[in-house]
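Enquirer: Here's a structure for you.
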Amino acid sequence: ENAMRAIMHLTNDANNVKAMCNAQILDALVIGASLEGLTYTDIRESAVVAMERLATEFTNRQSMARHKGLLVVVAKETEREAQIEESGESSGKSLLAKPLLMSLLVAM
Numbered sequence: 210e211n212a213m214r215a216i217m218h219l220t221n222d223a224n225n226v227k228a229m230c231n232a233q234i235l236d237a238l239v240i241g242a243s244l245e246g247l248t249y250t251d252i253r254e255s256a257v258v259a260m261e262r263l264a265t266e267f268t269n270r271q272s273m274a275r276h277k278g279l280l281v282v283v284a285k286e287t288e289r290e291a292q293i294e295e296s297g298e299s300s301g302k303s304l305l306a307k308p309l310l311m312s313l314l315v316a317m
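Sequential numbering from 210 applies to the sequence shown in this note's numbering.
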């Protein structure tokens, strides 16, 4: 959890966004976003936030979209967020997966 939060916080700095869009970081984000269960909710959310921040750099989107497993985990998170939204449990949290998925699909 701490490692994923550290990655998320590092992506908050615009100076890091290009450098952090590499295979190792993307692998870690895919693994973090793919964890199932309530125990891993914070890790999943941190991974999605980090991916969204990396995707704010237009030049990162194509490599992110082509990275193995990334679109799949973002699509799954989009579905999870849709279920949360439909149930009314969103509690004011930002739902980032759908816009992220759309921007990555356009970049392909």
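We put the CB at the ideal spot given by N, CA and C, even for glycine. Note that the structure is a prediction, hence the values are computed from the model and not measured.
Look at the Cβ atom of Val-226, then the Cβ atom of Leu-279, and state whether they are nearer than 8 Å.
Expert: no
Enquirer: Going by alpha carbons, who is nearest to Asn-231 out of Arg-253, Glu-210, Ala-259, Arg-214?
Expert: Ala-259
Enquirer: Mind the definition here: the segment 243-250 touches the segment 288-299 only if three or more C-beta pairs lie below 8 Å; say whether that holds.
Expert: No contact exists between the segment 243-250 and the segment 288-299.
Enquirer: Does DSSP put Ser-303 in a helix, in a strand, or in coil?
Expert: In this structure, Ser-303 counts as coil in the three-state DSSP scheme.
Enquirer: Any idea what DSSP makes of Glu-294, helix, strand or coil?
Expert: helix
Enquirer: Could you spell out where the alpha helix (DSSP H) holding Met-229 opens and where it closes?
Expert: First-last of the alpha helix (DSSP H) with Met-229: 226-229.
Enquirer: How far does the alpha helix (DSSP H) with His-218 in it extend, from its first residue to its last?
Expert: 211-219
Enquirer: Which residue marks the beginning of the alpha helix (DSSP H) containing Leu-250, and which one marks its end?
Expert: A small fix is needed here, since residue 250 is Thr in this sequence, not Leu. Taken as a continuous stretch (DSSP letters only), the alpha helix (DSSP H) holding Thr-250 covers 250-264.
Enquirer: Restricting to Cα atoms, I'd like to know which of Arg-214, Met-317, Met-311, Ser-303 is closest to Ala-256.
Expert: Arg-214
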